[in-house]
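Notes to accompany the following structure.
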Amino acid sequence: MAGANSPEAARSAGGAAAWWGHHSAKLLIATIIGAIYLRIEPLPPGSMVSLLAPIAIMVLVVISWLLIRAHSRRLCEACMSAMPLNAAAVAARNTRRFQVTHLGSNRPLVLAYFAVLVASAFIPGTIGLVIWTAVQASMIYLVLSYSSHRMLQPWCPLCSDNGGGNWKDVETPDPVPQGYQPA
Ligand SMILES: [Zn+2]
Ligand SMILES: [Zn+2]
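Note that my numbering has the sequence shown beginning at 4, numbered continuously upward.
Take a look at the structure:
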């Protein structure tokens with residue numbers, strides 16, 4: 004029998020957090036799509052749902068982001084088993100995603116992107132809606148790029164010294180998943 008404080012319960016709780024962390028990028032993408040949908044098809048105003056939906060989306064974005072950060076600190080078991088056998092070849096096809104990810108270390112560029120992200124919400128009319136949707140959707144590509152880069156980082160040419168990358172201090176993932184502790 005597994006009590007609330009048993010190692011089994013702790014392990015399954017840790018497993019659930021790890022599972023959620025592993026899928027946090029998908030959660031974030033779903034949240035972005037939900038936010039776009041709510042802008043295009045707004046809920047009837049005045050209802051409890053229309054009041055709570057934007058708050059729920061904000062909370063989901065923050066939780067997803069925190070989980071992505073936690074998940075990024077190690078290579079999880081699910082990531083290990085999802086690693087393609089021809090990782091080097093897959094990495095070679097993903098150089099554009101790597102480049103996008105490395106732009107994330109360019110602080111002025113990131114600030115400019117966030118400024119556009121926020122400002123696009125204030126452009127009125129259909130044009131504004133189109134621009135806003137495009138900018139929001141670009142976040143999905145960023146999340147995908149970040150996920151690909153994280154998994155294929157050992158093969159990222161920009162992370163290596165001769166690749167001209169600015170992530171020189173990056174550490175190669177440990178082949179043994181560190182988050183998993185057998186009870
Ligand atoms: Zn993972
Ligand atoms: Zn890289």
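C-beta atoms are modelled at their ideal positions from N, C-alpha and C, and glycine is treated no differently. No experiment lies behind these values; they were computed from the predicted model shown.
- Query: So what does DSSP say about M86, is it helix, strand or coil?
  - Reply: Against the sequence shown, residue 86 aligns to sequence position 83. Reduced to three states, the DSSP call for M86 is coil.
- Query: Does the segment 125 to 138 come within contact of the segment 34 to 54, defined as at least 3 CB pairs closer than 8 angstroms?
  - Reply: Output reads yes: the segment 34 to 54 touches the segment 125 to 138.
- Item | Residues near N165 by beta carbon distance below 8 angstroms, same chain, minus five either side | On the sequence shown, position 162 is the one that residue 165 refers to. With a pLDDT of 46 at N165, under the threshold of 50, the modelled position of that residue is not reliable, and the figure given next carries that caveat. Scanning its chain for C-beta atoms nearer than 8 angstroms, with the 5 sequence neighbours on each side dropped, one finds no residue around N165.
- Query: When you compare only the Cα positions, how much space is there between L89 and R96?
  - Reply: Against the sequence shown, residue 89 aligns to sequence position 86. Against the sequence shown, residue 96 aligns to sequence position 93. The residue asked about is misnamed: residue 89 is Asn in this sequence, not Leu. One C-alpha to the other measures close to 11 angstroms.
- Item | Where E11 falls: helix, strand or coil (DSSP) | By one-based count along the sequence shown, residue 11 stands at place 8. Three-state result, E11: helix.
- Item | Buried or exposed (CB count within 10 angstroms, at least 16 for buried), G24 | One-based indexing of the sequence shown puts residue 24 at position 21. The Cβ neighbour count for G24, taken over all protein chains shown within 10 Å, is at least 16; the residue is labelled buried.
- Grab me the residues of D177's own chain with a C-beta within less than 6 angstroms of its C-beta, minus the 5 sequence neighbours each way, in chain order. Walking along the sequence shown from the start, residue 177 turns up at place 174. Below a pLDDT of 50, predicted positions are generally treated as unreliable, and D177, at 45, falls in that range; the measurement from the model is reported next regardless. Taking C-beta separations shorter than 6 angstroms and ignoring five residues to either side along the sequence, D177 has no partners in its chain.
- Could you tell me the boundaries of the alpha helix (DSSP H) in which A118 lies? Your numbering for residue 118 matches position 115 in the sequence shown. Where A118 is concerned, the enclosing alpha helix (DSSP H) stretches over 110 to 122.
- Residue of E80, A94, G107, H105 minimising C-alpha distance to A19: Taking the first residue of the sequence shown as 1, we reach residue 19 at position 16. It is E80 whose Cα lies nearest to the Cα of A19.
- For ligand 2, any of its heavy atoms closer than 7 angstroms to the Cβ of T104? To locate residue 104, count along the sequence shown from 1; it is residue 101. Set against 7 angstroms, the gap from the CB of T104 to the closest heavy atom of ligand 2 is smaller.
- Using alpha carbons as the reference points, say which of V64, V52, G49 lies closest to I35. Translated into positions along the sequence shown, residue 35 becomes position 32. Ranking the options by Cα distance to I35, first place goes to V64.
- Environment of ligand 3 in chain order, Cβ to heavy atom below 6 angstroms: The ligand content of the structure shown is limited to ligand 1 and ligand 2, which means ligand 3 is not among them.
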